[in-house]
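Chemist:
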Amino acid sequence: MPQRVNLRESPALYKALKSYNIVAMFMYGAILARLFILLPLVGRKFLAGGIGDFFNKVMTGICVGEVVLSLFKLLPIQLPLIILQNWIKLFIVWGILNRDEKILNHSCYSLLIFCWGVYGFIGYIYWFWKLKNIGRVPKKLRSLFENLQLIIFPIASSVEFITIFLSLKYFSEDDKNLKLFTQVVLLGYIPTKFYLYKRLIFKIFKIETGKED
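Residue numbers (this note's numbering): 44 to 256.
(1) What did DSSP end up calling SER53 once you bin it into helix, strand or coil?
(2) What beta strand (DSSP E) runs, 3 residues minimum, are completely inside the segment 64 to 146?
(3) Check this for me: beta carbons of LEU162 and ALA199, under 8 Å apart or not?
(4) GLU255: buried (16+ other C-beta within 10 angstroms of its C-beta) or exposed?
(5) Relative to the alpha-carbon of SER153, which residue among TYR232, LEU78 and ALA73 has its alpha-carbon at the smallest distance?
(6) Does the beta carbon of SER53 fall short of 7 Å from some heavy atom of the ligand SAH?
(7) Kindly confirm or deny that the segment 125 to 138 and the segment 91 to 104 touch, where touching means at least three C-beta pairs closer than 8 Å.
(8) Please report the straight-line C-alpha distance between SER223 and PRO54, rounded to a whole angstrom.
(9) Pull up the distance between the alpha-carbon of GLY231 and that of ASN148, whole angstroms please.
(10) Evaluate SER210 with the Cβ neighbour count: other Cβ atoms within 10 Å of its Cβ, from every protein chain shown; 16 or more gives buried, anything less gives exposed.
(11) As a quick exercise: from LYS61, LEU60, LYS212 and ASN64, pick the residue whose alpha carbon is nearest that of LYS145.
(12) To the nearest angstrom, how far is the alpha carbon of ILE244 from that of LEU193?
(13) Leaving out five residues before and five after LEU191 in sequence, what residues of the same chain have Cβ atoms less than 6 Å from its Cβ?
Set out below in structure tokens:
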């Protein structure tokens with residue numbers, strides 16, 4: 044990912060960030076590879092058995108890694124936004140998807156993996172290239188990533204919302220507090236995602252008009 048500190052002054056940090064980008068890129072690629080191989084072979088019903096644990100662990104590692112990098116100001120995004128975005132993902136991974144097998148058998152599960160996988164894979168290719176070439180990225184790659192963000196973000200957000208909503212009927216009587224918390228999350232989900240999408244559009248517009256390198 045691009046950074047807010049001068050990595051030229053710290054070769055160790057530069058290598059660490061470069062390595063993280065490479066690892067994250069390959070992990071997202073591995074998620075997509077498993078999805079494309081398993082889904083045609085086993086279908087949605089058994090997809091979670093072949094990809095579930097791997098997907099959960101990869102997403103957890105990447106989310107935690109991004110927060111740590113943000114603490115050291117190695118990411119261009121403010122720490123509260125990084126925490127918010129990654130908290131949503133971890134909440135879905137550990138608080139929603141494991142609620143009941145029926146959620147994992149739903150088409151939303153495979154679509155969610157696809158959206159997060161494509162977004163992360165292309166994103167880390169872009170960020171690695173930008174890091175390696177000191178901010179310079181080929182126009183085609185920049186255009187691909189920007190258009191991908193504009194398309195995937197609302198689709199992924201819709202799938203996330205539907206997945207959380209579907210989980211409500213699978214809470215037991217002992218999970219009333221967690222169910223209430225999930226309902227509160229749903230109430231704030233749309234305005235939060237709208238705010239993040241608005242920021243994304245504004246950032247892309249700044250890049251296209253040359254206000255941001």
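Think of the CB as a built atom: it goes at the ideal place given N, C-alpha and C, for glycine as much as any other residue.
Modeler: So, from the data block:
(1) Here residue 53 refers to the residue found at position 10 of the sequence shown. SER53 falls in the coil class under three-state DSSP.
(2) Scanning the segment 64 to 146 from its first residue to its last, no whole beta strand (DSSP E) run of 3-plus residues comes out.
(3) Reading the sequence shown from its first residue, position 119 is the one you call residue 162. Reading the sequence shown from its first residue, position 156 is the one you call residue 199. The sequence as given places Tyr at residue 162; Leu does not occur at that position. For the 8 Å CB-CB criterion, TYR162 and ALA199 form a contact.
(4) Translated into positions along the sequence shown, residue 255 becomes position 212. Here the model assigns GLU255 a pLDDT of 46, short of 50, so the residue's position is not dependable, and the following value carries that caveat. The residue in question, GLU255, is exposed, as its Cβ has fewer than 16 Cβ neighbours within 10 Å.
(5) Translated into the one-based positions of the sequence shown, residue 153 becomes position 110. Its Cα nearest to that of SER153, the residue LEU78 stands out among TYR232, LEU78 and ALA73.
(6) As presented, the structure is devoid of all ligands, the ligand SAH included, so that no description of it is given.
(7) Yes: the two stretches touch, three or more of their Cβ pairs being nearer than 8 Å.
(8) Position 180 of the sequence shown holds residue 223. Position 11 of the sequence shown holds residue 54. Reading off the sequence shown, one finds Leu at residue 223, where the question assumed Ser. Distance from the CA atom of LEU223 to the CA atom of PRO54, rounded to whole angstroms, is 48 Å.
(9) On the sequence shown, residue 231 is found 188 positions in, with the first residue counted as 1. On the sequence shown, residue 148 is found 105 positions in, with the first residue counted as 1. In this structure, the alpha-carbon of GLY231 lies about 26 Å from that of ASN148.
(10) For this step, residue 210 is matched to residue 167 along the sequence shown. Residue burial is scored here from C-beta neighbours: SER210 has at least 16 other C-beta atoms within 10 angstroms and is therefore classed as buried.
(11) Within the sequence shown, the letter at position 102 stands for residue 145. For LYS145, the closest C-alpha among the options LYS61, LEU60, LYS212 and ASN64 is that of LYS212.
(12) For the purposes of this step, residue 244 is taken as the residue at position 201 of the sequence shown. For the purposes of this step, residue 193 is taken as the residue at position 150 of the sequence shown. Cα atoms of ILE244 and LEU193: separation of roughly 7 Å, rounded to the nearest angstrom.
(13) Translated into the one-based positions of the sequence shown, residue 191 becomes position 148. The beta carbon of LEU191 sits closer than 6 Å to those of ILE165, all from its chain and outside the five residues before and after it, given in chain order.
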